[in-house]
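Novice:
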Amino acid sequence: MTDTPAPTSDATPTRDYSATLNLPATDFPMRAGLPEKEPKLIARWDEMRLYERLRDTARGREKFVLHDGPPYANGHLHIGHALNKILKDIITRSRQMMGYDSNYVPGWDCHGLPIEWKVEEEYRAKGKNKDEVPINDFRAECRQYAEGWIKVQAEEFRRLGVEGDFANPYTTMAFSSEAVIATELLKFAVSGQLYRGSKPVMWSVVERTALAEAEVEYQDYQSDTIWVKFPVTSGAPELAGASVVIWTTTPWTIPGNRAVSYSPKIAYGLYEVTEAPEGNWAKVGERYVLADALADAVFKQAKVTGHIKLAAVAADALSSVTCAHPLSGLGGGYTFDVPLLPGDHVTDDAGTGFVHTAPGHGREDFELWMEHGRDLAARGIDATIPFTVDDGGYLTADAPGFTGRRVLTDKGDKGDANQAVIEALAAAGAMVARGRLKHTYPHSWRSKKPVIFRNTPQWFVYMDKPIGNGPVGDTLRARALKAIDDTAFYPPAGQTRLRSMIENRPDWVLSRQRAWGVPIAVFRNTETGQLLPGPDFAHNDAYAGRLREAFLAEGADAWFADGAKERFLSGFVDDLGPWSQVRDILDVWFDSGSTHEFVLKGRPDLKWPADVYLEGSDQHRGWFHSSLLESCGVNGVAPYKAVVTHGFTMAEDGRKMSKSLGNQVQPQDVIRQSGADILRLWVASTDYWEDQRIGKKILDANSDAYRKIRNTVRWMLGTLAHYDGAAVAYADLPELERLMLHKLAVVGAEVVEGYKEYDFKAVFSSILNFMNIELSAFYFDVRKDALYCDPKSSLKRRAALHVVATLYDHLVKWLAPLTPFTAEEAWLERHPGEASSIHLELFPDVPEEWLDAALDDKWEKVKKVRRAVTGALEIERREKRIGSSLEAAPVVHVEDADLLAALDGLDFAEICITSQITVTEAPAPEGAFRLDDGTPVAVEPRLAEGRKCARSWKILPEVGSDPDYPDVTLRDAEALRELAAGS
RNA sequence: UGGCCUGUAGCUCAGGUGGUUAGAGCACACGCCUGAUAAGCGUGAGGUCAGUGGUUCGAGUCCACUUAGGCCAACCA
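Here's what the structure looks like:
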């Protein structure tokens, strides 16, 4: 170590040689200004008809089809849409660049309730009533509404950089789509998979319409409550003569009672009334089965003054019990057996511990009843659910003894049904007690009047009925499960999730009592129940053809136009009289579940099945599910080969975004402030298979990453301003250049693998790390000297330029699917031209010869020694002995033969960016710098000797020895000579 | 309440079949450079791998439970 002052201190005044250097020069700005630049690039792509060019370029290539799951045409994009569409765009762009013809056709889901609501809302604002508007006028307004939002959303998707056939998207409401959807449904009818069943739905008597859960609001309401005896008729002998007691707030549902539910988790007891007032409903000597926790309350309500518990009743004993209906004495209408069924929904918080179960009047009741369908059949019990209440809230003939009584009036007030039922129960001696209860009860959003649960006819598809004449066990469920096994899932858990849903799901309910949708275009014979079309109908094809023609010309409105019955049925049946036209529409899930038919099969530029579907994980229940069932029902297999799912986007703290918390991130805001490429980088950086987070901090971090990428690209562009495009043969490249090509090849493999496996964060981190660690912090830093200062003729310089051009070309192409705007901007810097676009390029080949693991190993050793040198220089810097590393000329004692060999033949000073360096195997002096990780290298941090070169800033003894250029190194003098000769 | 999933440094992510002091990039702190300059380079400090209990010679990695969170279970898409 020397203490002599730095020899630069007395150097001659430095001449400014910067004009003689090959410094980076580019118009590619450091600051992107993406919010302004991106729309211009979109306009450019429009102008050059990039989409058409992409298709032309790829014509004849193998197709790779990502089928777009249609968003609902309602409202502006939110962050979830942005994530979804950007992921899809990354996939189609990367596949296109891998050499496929990867066409993307965006689509929209148009039918359904939310749009009906909006249109209805507009009606209400104008004081119009939906029911007074002709249905096809109403449908036309819904169509118009959807069209408006499709335009808005298409622009918003394009602003994200999404490339696709936005001029010809698909919609579920296109006439051609409606024709396919309707005829697809007919296929289910023809193969016998469609049947008419029933299900309870929320029903508003006032509006005479079914309501969705979201159309219902809960308000306080005073209900009549009753406690009713169900006499035990068989089962546990110890309960002979006793009654099971139920409690209900809807006495009018008693005629619909078919079972009593109990819970195996509740303690029950057998009780006897020992003391009661004269004329009381509950009489001395009567025995009741009740939940222990509720017995006292029940007896109190029943005005019983004395009771005893005779025995505990085990839940096991209840399972085989059958009761009589409390009205079994009434005109013979209720003589069926009422079974006890175990139900998890039963609690002992309120009531009696037994729940009156009317499968036509409650969701849980219905589900419990359907669940036990087979057991009931085995017990000889008819599982048919009665239609006890009609549209107007009147009890029907299915409620013998009460026909014509009314649950609710047209104004939503209580009718006479409850009173009639209570009187009948009292007359039958079945009442234990009655009361009133104020509780929350569902009301219609529109009329603010109470609603009821009412059994209604619905259309179902069998999950477990053998299909057609196929093999035994060929059911929709079996087909779907097989199809799931044959599908690849990213992430794999999606397979489990979808499988368990298909395994457990009930029959598919297709019908909705709504206006805006595709009809279930079938007829039903009201006398025989026969369906048309159907397995036994001779004119299935002709009927489907007639329907298709009509829908293609007029859309599904044709079904709702006057005279539809004659139009579609005449000539196919002898007597039109008994045939009733089904007016229900299809669940919109059937619409979107059919997109593969009218998009993938319907367009020659696509193919069926799709290579991949990509949606949020909620679509296991939605689009993945309905598409699978629809296709399995019709085609027998899934419409997709692979399913990719993404999680949901959370706020920065990992919790759900919500308006009230004010933690929402809107894609429009991100685009306005930072640009779509920043949002896209966020998508690329995240583990989207799981839920992701987004927020200011995270977006800032992505902006930083973007800047790093941009600056690295910018430096390459600036450097390449001095490149004449001449290639240097691989064999002539210096080791450092070959090392970079090796590293690039490794990154390339990771990038392509990442794109193939839909693992974009791997692509992102691979590129970013390479740029940071290998390029910016190492290769570029080392090579600046040669690139800036070497003579034009220098092989090292020419080789470096060639390799920088190669790095640039590969990296920018690999980035193109992630950041299409910036990649295009960078591309055009070097490849200008009206027809030029990076998106028309393919991912570049990576020559086999670039891979050189031995070289990589060797340079790992070089870098190890380099770390020791930079470590030593850091100490010098701290001690203020040097500033720039060029002020140093360390002596490096390498105490390991392998490490020493690795340095052989290399200009190690250049690699360490020092002016001079001495590598020696001589023993190191005491106090030499060592890394504390045990690297067998010691460094003496000496100062460089000589004068500072005014051009390259290196400090070398040779400076001053050239007579023409006395203030520079010999290398720089040579460069200046060449320059002078050239100019 | 049930089905599926997740919790590794401030942030985003790596951590095949369990095996040395748990890694990277960014951010942060400090320093250098001033010919990538609203840039570039270096060094450093950050983690009881959500918690508890088990299996094991040994667990971030396997099991159970707990806890926090997400999706689904709607005539919602």
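In this note's numbering, the protein residues as written are 699 to 1681. Glycine included, C-beta positions come from ideal geometry on N, C-alpha and C.
1. Name the residue from 1284, 1288, 1231, 1240 whose alpha carbon lies nearest to the alpha carbon of residue 1277.
2. Is it buried or exposed, residue 736, if we count other Cβ atoms within 10 angstroms and call 16 or more buried?
3. Report the option in 1513, 1298, 1450 whose CA atom is closest to the CA atom of residue 867.
4. Output the distance between the C-alpha atoms of residue 738 and residue 857, rounded to the nearest integer angstrom.
5. Let's see if you can read the secondary structure: which residues bound the alpha helix (DSSP H) around residue 1573?
6. Check whether the segment 963 to 972 and the segment 985 to 1004 touch, using three or more Cβ-Cβ pairs below 8 Å as the test.
7. Would residue 1190 be called buried (16 or more neighbouring beta carbons within 10 Å of its own) or exposed?
8. Along the chain, where does the beta strand (DSSP E) containing residue 943 start, and where does it finish?
9. Quick check: the segment 914 to 922 against the segment 1087 to 1107, are there 3 or more CB pairs under 8 Å?
10. Would you tell me roughly how many angstroms separate the C-alpha atoms of residue 1048 and residue 946, rounded to the nearest one?
11. By DSSP, does residue 1221 sit in helix, in strand, or in coil?
12. Put residue 1021 into one of helix, strand or coil per three-state DSSP.
13. Under the assumption that residue 971 contacts residue 957 (Cβ atoms under 8 Å), give the Cβ distance between them as a whole number of angstroms.
14. If you follow the beta strand (DSSP E) that residue 897 is part of, which residue opens it and which one closes it?
15. Just to check my reading of the structure: residue 878 and residue 1308 have Cβ atoms closer than 8 Å, yes? What is that Cβ distance to the nearest angstrom?
16. Report the rounded CA-to-CA distance for residue 1237 versus residue 902, giving the unit in angstroms.
17. Tell me the rounded alpha-carbon separation between residue 1112 and residue 1065.
18. With distances taken from CA atoms, which of 977, 921, 1592, 1214 is nearest residue 1133?
19. Throw me the rounded Cβ distance for the residue 1023 and residue 1116 pair, which I believe falls under 8 Å.
20. Return the first residue and the last residue of the beta strand (DSSP E) that residue 1474 is part of.
21. Candidates 1200, 1656, 855: which alpha carbon is nearest residue 1326's?
22. For a quick check, are the C-beta atoms of residue 1670 and residue 1649 less than 8 Å apart?
23. Since residue 1161 and residue 1174 should fall inside the 8 Å C-beta cutoff, what is the C-beta to C-beta distance between them, to a whole number of angstroms?
24. Does the separation of the CB atoms of residue 908 and residue 899 fall below 8 Å?
25. In whole angstroms, give me the CA-to-CA distance for residue 777 and residue 1363.
26. Could you tell me if residue 1343 is buried or exposed, where buried requires 16 or more neighbouring beta carbons within 10 angstroms of its beta carbon?
27. Relative to the C-alpha of residue 1339, which residue among 852, 1181, 1155, 1143 is closest?
28. If you scan the segment 1592 to 1638 from start to end, which runs of the alpha helix (DSSP H) of 4 or more residues do you find wholly inside it?
29. Identify every residue that forms a DSSP beta bridge with residue 1153.
30. Check whether the segment 1599 to 1616 touches the segment 1562 to 1574, taking contact to mean three or more Cβ pairs, one atom from each stretch, closer than 8 Å.
31. What number of angstroms, rounded off, separates the C-alpha of residue 1119 from the C-alpha of residue 1259?
32. Restricting to Cα atoms, I'd like to know which of 1471, 1470, 1502 is closest to residue 1485.
33. So, at 6 Å on beta carbons, what are the nonlocal neighbours of residue 787 in its own chain, with the 5 sequence-adjacent residues on each side left out?
34. Is the CB-CB distance between residue 865 and residue 1408 below 8 Å?
35. Can you tell me where the beta strand (DSSP E) holding residue 1133 begins and where it ends?
36. Please name the residue, chosen from 1137, 769, 1310, that lies closest to residue 1456 on a Cα-to-Cα basis.
Specialist: In terms of the structure at hand:
1. 1231
2. buried
3. Residue 1298 is the option with its Cα nearest to residue 867.
4. 11 Å
5. 1551 to 1576
6. By the Cβ rule, the segment 963 to 972 counts as touching the segment 985 to 1004, because three or more pairs are nearer than 8 Å.
7. exposed
8. 941 to 946
9. No: fewer than three Cβ pairs fall under 8 Å.
10. Cα-Cα distance, rounded: 10 Å.
11. strand
12. strand
13. Not really, about 25 Å apart at Cβ, beyond 8 Å.
14. 892 to 902
15. That pair is no contact at about 16 Å.
16. 39 Å
17. Distance between the alpha carbons of residue 1112 and residue 1065: 27 Å.
18. 921
19. That pair is no contact at about 18 Å.
20. Premise fails: residue 1474 is in no beta strand (DSSP E) and is neither H nor E.
21. 1200
22. yes
23. 5 Å
24. yes
25. 7 Å
26. buried
27. 1181
28. 1595 to 1601, 1606 to 1610
29. 898
30. yes
31. 43 Å
32. Of all alpha-carbon atoms in 1471, 1470, 1502, the one lying nearest the alpha-carbon of residue 1485 is that of 1502.
33. 860
34. no
35. In the DSSP annotation of this structure, the continuous segment of the beta strand (DSSP E) that includes residue 1133 starts and ends at 1129 to 1142.
36. 1310
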